[in-house]
Amino acid sequence: GFSNLEAIPLDPHYALKEAFADDPSAKKVILGSGIYRDGNSEPWVLPSIEERKAEKEVDEHKSSARYEYLPISGYAPFVTVARDLLFGRYGAKADHFVSLQTISGTGANSLGAQFLSKSLRPSAVWLSNPSWVNHSNIWGLVGVKVKYYPYWDAQKKTLDFDSMVKKLETETVSGDVILLHACAHNPTGVDPTKEQWAKIADICESRGLFPFFDSAYQGFASGDLDEDAWALRHFVSRGTLELVAAQSFSKNMGLYGERVGALHLLTSSPEAAAKAKGHLCQLQRGQISQPPRRGAHLATAILTNQVLFQKWLIDLHEMSSRIKSMRQALYEELVSLGTPGKWEHIISQIGMFSYTGLSSVQVETIQSESHVYILKSGRISVPGCEFSFEGVNAANVKHVAKGIDTAVRR
Ligand code: PLP
Ligand code: TYF
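Here the sequence shown stands for residues 9 to 418, where the numbers follow UniProt numbering.
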């Protein structure tokens with residue numbers, strides 16, 4: 009019976025949320041999951057999305073097709089514009105691609121993992137150490153051995169590129185998959201430089217590694233959609249590599265619960281693309297049959313209507329600049345408290361997250377004494393604004409900094 013099942017601990021994000029919910033303190037703050045919060049502690053509906061929704065109410069009530077099924081591969085206009093946003097319009101020949109709409113970035117990671125596990129039969133998938141918690145879960149579920157390449161240098165609080173290269177150049181096997189974060193690495197907030205990306209591409213070529221890009225933060229890292237896709241496009245521009253990309257619109261369009269995403273496979277020929285499409289559609293059919301409509305329509309409207317697109321760029325700028333100003337505020341508080349250690353990485357890291365370098369013991373102290381909830385890894389999710397319990401904000405930044413300061417001085 010089920011009582012004999014192995015006990016599985018709750019995902020750390022959800023465990024942290026439960027502990028936070030149970031804490032009666034009025035001072036409590038949570039810096040856990042990567043979600044954006046506005047100045048009133050509320051989820052922020054992007055004005056560009058809001059505007060489209062208002063228009064859509066009118067359109068949709070006219071259309072008797074609004075609840076019809078989509079094709080297995082999803083809403084065709086969506087997968088095309090989503091692909092162009094990520095790869096750039098002229099990145100590669102369209103008939104070398106297969107693109108399917110997925111249940112957001114998670115669904116794309118999962119569908120990609122299932123497809124590659126069957127078609128490539130890799131001896132391992134290589135994840136950065138550390139990586140997004142769900143990567144090892146997803147690859148473990150499809151039965152592929154998970155191995156790690158060094159990424160974070162805990163001493164220097166930077167990318168440990170030399171160790172990463174050494175590991176990949178000596179221990180990988182041809183046909184292995186390497187998972188790469190397209191930009192704004194989760195959880196460290198540290199990305200390779202362009203020169204380093206070129207070196208990683210060299211290694212993929214020379215070692216026969218299959219690149220799997222996970223793009224969950226396009227527009228959040230540099231604030232420039234093209235710049236944030238630079239690494240992926242560099243790999244494509246070589247013309248030598250096949251690759252997969254998982255794309256999420258959760259963060260950059262604030263469509264978390266709508267589950268809007270896509271999986272893109274770049275192959276070496278139209279024949280390969282056609283065959284792969286059959287396999288991907290079979291996997292999709294067995295799991296969800298067809299992806300949902302609403303979020304794909306919303307995202308397509310933003311990406312195809314020039315007026316909405318320009319408004320979306322402003323929304324992206326608003327989110328990324330708030331994150332930057334909260335990083336700056338936290339950094340300045342720590343400096344003014346004279347908190348032992350160096351804290352520049354809080355402002356130099358990019359995207360939603362800061363890998364603080366706090367130890368798990370320090371994280372526990374901060375939680376029990378200051379009611380500030382941080383993942384054991386020391387990663388904090390920065391977004392938030394005034395009077396928010398979620399994220400660092402103008403109202404709570406002193407309290408957060410003081411909590412860190414107290415723990416670091418122990
Ligand atoms: N990949 C990474 C690196 C992430 O941080 C996330 C979460 O934000 C995702 C994928 C997938 O998120 P979602 O399933 O909401 O698109
Ligand atoms: O890393 C994060 O915080 C985001 C949100 O299972 C998230 O990616 C966290 C955990 C999870 C799904 C999404």
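Using N, Cα and C, we set each Cβ at its ideal position, and we do this for glycine too. All of these numbers come straight from a predicted model, not from anything done at the bench.
{"Asked": "Buried or exposed (CB count within 10 angstroms, at least 16 for buried), Leu13", "Found": "exposed"}
{"Asked": "Pair within 8 Å by beta-carbon distance, Gly223 and Leu94", "Found": "The question names Gly, yet the displayed sequence has Ser at residue 223. Against a cut-off of 8 Å, the Cβ pair of Leu94 and Ser223 comes out as a contact."}
{"Asked": "Pro200 versus Trp134: straight-line alpha-carbon distance, rounded", "Found": "16 Å"}
{"Asked": "The ligand TYF heavy atom lying under 7 Å from the CB of Gly42", "Found": "yes"}
{"Asked": "Near the ligand TYF: Ser389 beta-carbon under 7 Å from a heavy atom", "Found": "yes"}
{"Asked": "Three-way DSSP call (helix, strand, coil) for Trp147 in this model", "Found": "helix"}
{"Asked": "Opposing strand residues paired with Thr110 [DSSP bridges]", "Found": "Gly269"}
{"Asked": "Outcome for Ile388 when other beta-carbon atoms lying within 10 angstroms are tallied against a minimum of 16", "Found": "buried"}
{"Asked": "Assigned secondary structure, Trp205 (DSSP; H/G/I helix, E/B strand, else coil)", "Found": "helix"}
{"Asked": "Outcome for Pro278 when other beta-carbon atoms lying within 10 angstroms are tallied against a minimum of 16", "Found": "exposed"}
{"Asked": "Asn145: CB within 7 Å of a non-hydrogen atom of the ligand PLP", "Found": "no"}
{"Asked": "Residue range of the beta strand (DSSP E) that includes Ala254", "Found": "Leu251 to Ser256"}
{"Asked": "Coil, strand or helix - Ser223 by DSSP", "Found": "strand"}
{"Asked": "heavy atom of the ligand TYF below 7 Å from Asn137 C-beta", "Found": "no"}
{"Asked": "With 16 other Cβ atoms within 10 Å as the buried cut-off, status of Tyr83", "Found": "buried"}
{"Asked": "Extent of the continuous alpha helix (DSSP H) to which Leu306 belongs", "Found": "Arg302 to Thr312"}
{"Asked": "Residue(s) in a DSSP beta bridge with Trp134", "Found": "Lys155 and Ile186"}
{"Asked": "Cβ of Thr201 within 8 Å of any chain B Cβ", "Found": "The question asks about chain B, but that chain is absent: this structure has only one protein chain."}
{"Asked": "Per DSSP, cross-strand counterpart(s) of Leu167", "Found": "Trp160"}
{"Asked": "Phe361, enclosing alpha helix (DSSP H) - first and last residue", "Found": "Careful: Phe361 lies outside any alpha helix (DSSP H), inside the beta strand (DSSP E) at Phe361 to Tyr363."}
{"Asked": "Buried/exposed call for Ser107, threshold 16 Cβ in 10 Å", "Found": "buried"}
{"Asked": "Buried versus exposed, by CB contacts within 10 Å (16 or more), His353", "Found": "buried"}
{"Asked": "Beta-carbon contacts of Ser258 that lie in its chain and below 6 Å, excluding the five residues immediately before and after", "Found": "Ser112 and Tyr264"}
{"Asked": "Cβ-heavy atom distance, Trp160 to the ligand TYF, below 7 Å", "Found": "no"}
{"Asked": "Which of helix, strand or coil DSSP assigns to Leu39", "Found": "coil"}
{"Asked": "Span separating the alpha-carbon of Asp161 from that of Leu176", "Found": "16 Å"}
{"Asked": "Residue range of the unbroken alpha helix (DSSP H) whose run includes Arg241", "Found": "Trp238 to Ser245"}
{"Asked": "Minimum C-alpha distance to Gly349 - residue among Cys289, Arg417, Ala307 and Arg302", "Found": "Arg417"}
{"Asked": "Val181 versus Pro391: straight-line alpha-carbon distance, rounded", "Found": "39 Å"}
{"Asked": "Simplified DSSP state of Ile388, which is helix, strand or coil", "Found": "strand"}
{"Asked": "Extent of the continuous alpha helix (DSSP H) to which Gln370 belongs", "Found": "Ser368 to Ser378"}
{"Asked": "Proximity below 8 Å, CB of Ala239 to CB of Trp205", "Found": "yes"}
{"Asked": "Per-residue DSSP class, three states only, for Pro195", "Found": "coil"}
{"Asked": "Contact belief for Ser171 with Pro158 at Cβ below 8 Å, rounded distance in angstroms", "Found": "4 Å"}
{"Asked": "Terminal residues of the alpha helix (DSSP H) in which Pro20 lies", "Found": "Pro20 to Asp30"}
{"Asked": "Distance cut-off 7 Å: Gln189 Cβ against heavy atoms of the ligand PLP", "Found": "Note on identity: in this sequence residue 189 is His, with Gln being the wrong assignment. At least one heavy atom of the ligand PLP is nearer than 7 Å to the Cβ of His189, so yes."}
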